[in-house]
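S.K.: For the sequence shown, the tail end lands on 138 under UniProt numbering, and the numbers increase by one without skipping.
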Amino acid sequence: MRAVIIGASRLAMASARTFLAQGHEVVIIEKDQAVIDRLDEEYDCSFYCGDGARPGVLEDMDPDSTDLLFCLSDDDTSNVLAAVVAKSMSFDRVVLRLEDDELLSVCEQLGLDNVIVPDERVAQQLLDFAQGEKDCPQ
Numbered sequence: 001m002r003a004v005i006i007g008a009s010r011l012a013m014a015s016a017r018t019f020l021a022q023g024h025e026v027v028i029i030e031k032d033q034a035v036i037d038r039l040d041e042e043y044d045c046s047f048y049c050g051d052g053a054r055p056g057v058l059e060d061m062d063p064d065s066t067d068l069l070f071c072l073s074d075d076d077t078s079n080v081l082a083a084v085v086a087k088s089m090s091f092d093r094v095v096l097r098l099e100d101d102e103l104l105s106v107c108e109q110l111g112l113d114n115v116i117v118p119d120e121r122v123a124q125q126l127l128d129f130a131q132g133e134k135d136c137p138q
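If you want it as structure tokens, here you go:
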């Protein structure tokens with residue numbers, strides 16, 4: 001499986017680590033070359049310096065050979081824009097992260113169905129645990 005991750009946020013890097021541990025190919029797109037230089041020592045994956053919301057950058061990722069595109073930067077606006085651009089191209093599966101759940105309805109109107117709001121997800125897991133429905137989240 002080939003996953004392209006936009007951004008080098010904590011969530012992005014944790015996701016990269018998980019995919020790499022399973023033997024999957026990972027490419028990380030990051031705007032800041034200094035961040036790439038630092039992470040390149042730690043991660044056995046490919047890095048691409050550029051803006052993941054730019055069509056040319058996404059085209060360089062070869063949409064037809066990419067199984068998953070994750071928009072996981074720390075900037076909601078960049079994530080939404082990158083997801084919209086990716087959906088307009090031939091990326092098969094696009095997932096984006098939002099911190100501001102007010103943008104969920106906008107994403108829905110834009111046809112962006114795979115949206116993760118980390119705080120909402122953790123809050124639901126804690127509620128499930130408190131109600132005895134599931135074990136404590138790890």
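Glycine included, each C-beta is placed from N, C-alpha and C at the ideal position.
Tell me the rounded alpha-carbon separation between F70 and V4.
M.R.: One C-alpha to the other measures close to 6 angstroms.
S.K.: Measuring only the C-alpha atoms, how far is T77 from K134?
M.R.: Approximately 33 angstroms between the Cα atoms of the pair.
S.K.: Could you name the residues that DSSP lists as bridge partners for F70?
M.R.: I5 and V95
S.K.: For R17, is the classification buried or exposed, using 16 other Cβ atoms within 10 angstroms of its Cβ as the cut-off for buried?
M.R.: exposed
S.K.: Mind the definition here: the stretch 93-101 touches the stretch 109-124 only if three or more C-beta pairs lie below 8 angstroms; say whether that holds.
M.R.: yes
S.K.: Measure the alpha-carbon distance for M1 versus S46 and round it to whole angstroms.
M.R.: Near 14 angstroms, if we compare the C-alpha coordinates of S46 and M1.
S.K.: Cα separation between L20 and D60?
M.R.: 21 angstroms
S.K.: Among C107, E102 and L39, which has the Cα closest to the Cα of A82?
M.R.: Considering only alpha carbons, the answer is C107.
S.K.: Output yes or no for whether 9 angstroms exceeds the beta carbon distance between N79 and L72.
M.R.: In contact: N79 and L72 (Cβ atoms closer than 9 angstroms).
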